[in-house]
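In the working numbering, the protein residues as written are 35 to 200. All C-beta atoms, glycine included, are put in the ideal place defined by N, C-alpha and C.
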Amino acid sequence: EVGAERRMYLPLMAIVALVVIGAWLLLKKWVSRRGGTWLEWGVVAFVALALGGTTRARNEAFASPIAIWQSAVAATPNNARAHSNLALAYREAGQPSRAEQYFRRALQCDPAYADAQANLGIVLAERGEVVAAEDHYRAALRSEPDHVRALNSLAISLEERGQVDS
Numbered sequence: 035e036v037g038a039e040r041r042m043y044l045p046l047m048a049i050v051a052l053v054v055i056g057a058w059l060l061l062k063k064w065v066s067r068r069g070g071t072w073l074e075w076g077v078v079a080f081v082a083l084a085l086g087g088t089t090r091a092r093n094e095a096f097a098s099p100i101a102i103w104q105s106a107v108a109a110t111p112n113n114a115r116a117h118s119n120l121a122l123a124y125r126e127a128g129q130p131s132r133a134e135q136y137f138r139r140a141l142q143c144d145p146a147y148a149d150a151q152a153n154l155g156i157v158l159a160e161r162g163e164v165v166a167a168e169d170h171y172r173a174a175l176r177s178e179p180d181h182v183r184a185l186n187s188l189a190i191s192l193e194e195r196g197q198v199d200s
């Protein structure tokens, strides 16, 4: 799960603190033998720049919802949820064809994934493929009979086509 490293921040604080203190003490001992505080500051500056660069690179993975879910798909290529969420990000960014591509990939990973079925139906309905959309809503409901988005979307679609009894 991309972003799950947040679960490690607190446990790693003690280890990082020990490493930093230990490195500082070793550096102080080494520098005191050779003299000169410029070396201390040079090492500190180097480490700070290296860690800052690493942080900047990692933050790029969290720059947008698309970037976050692309990272998830790259890390777990057979994860239906990651593909489905990437598809949602593309849909929200106004890229329905990319959204459709990733909803279909999610369904290749897990054909019974109700969220992907319902959301693919919505993308197809927006494109005017109403019958195909209804098929996906029904597929979502076979997997999860109480899926609200699929129920609502199917009801709206049937009502718009005059398929609902008054």
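Do residue j and residue i have their beta-carbon atoms positioned less than 8 Å apart in this structure?
{"i": "residue 184", "j": "residue 171", "result": "yes"}
{"i": "residue 33", "j": "residue 137", "result": "The chain is shown from 35 up to 200; residue 33 falls before or after that span and cannot be answered."}
{"i": "residue 154", "j": "residue 175", "result": "no"}
{"i": "residue 110", "j": "residue 101", "result": "no"}
{"i": "residue 178", "j": "residue 157", "result": "no"}
{"i": "residue 52", "j": "residue 77", "result": "no"}
Taking 8 Å as the CB-CB limit, is residue i close to chain C?
{"i": "residue 161", "result": "Given the protein chain composition of this structure (a single chain), no chain C is represented."}
Taking all protein chains shown into account, do 16 or more other C-beta atoms lie within 10 angstroms of the C-beta of residue i, making it buried, or fewer, making it exposed?
{"i": "residue 119", "result": "buried"}
{"i": "residue 103", "result": "buried"}
{"i": "residue 139", "result": "buried"}
Output the boundary residues of the alpha helix (DSSP H) element that contains residue i.
{"i": "residue 96", "result": "First-last for residue 96: undefined, no H or E at that position."}
{"i": "residue 237", "result": "With the chain covering 35 to 200 only, the question about residue 237 has no answer from this structure."}
My understanding is that residue i touches residue j, with C-beta atoms under 8 Å, so please give their C-beta distance in whole angstroms.
{"i": "residue 168", "j": "residue 191", "result": "5 Å"}
{"i": "residue 114", "j": "residue 143", "result": "4 Å"}
{"i": "residue 95", "j": "residue 105", "result": "5 Å"}
{"i": "residue 98", "j": "residue 152", "result": "Their Cβ separation, rounded to whole angstroms, is 24 Å, which puts residue 98 and residue 152 out of contact at 8 Å."}
Is the number of C-beta pairs between the region 124-131 and the region 141-148 that are closer than 8 Å three or more?
A contact is defined here as three or more CB-CB pairs under 8 Å, and the region 124-131 fails this definition with respect to the region 141-148.
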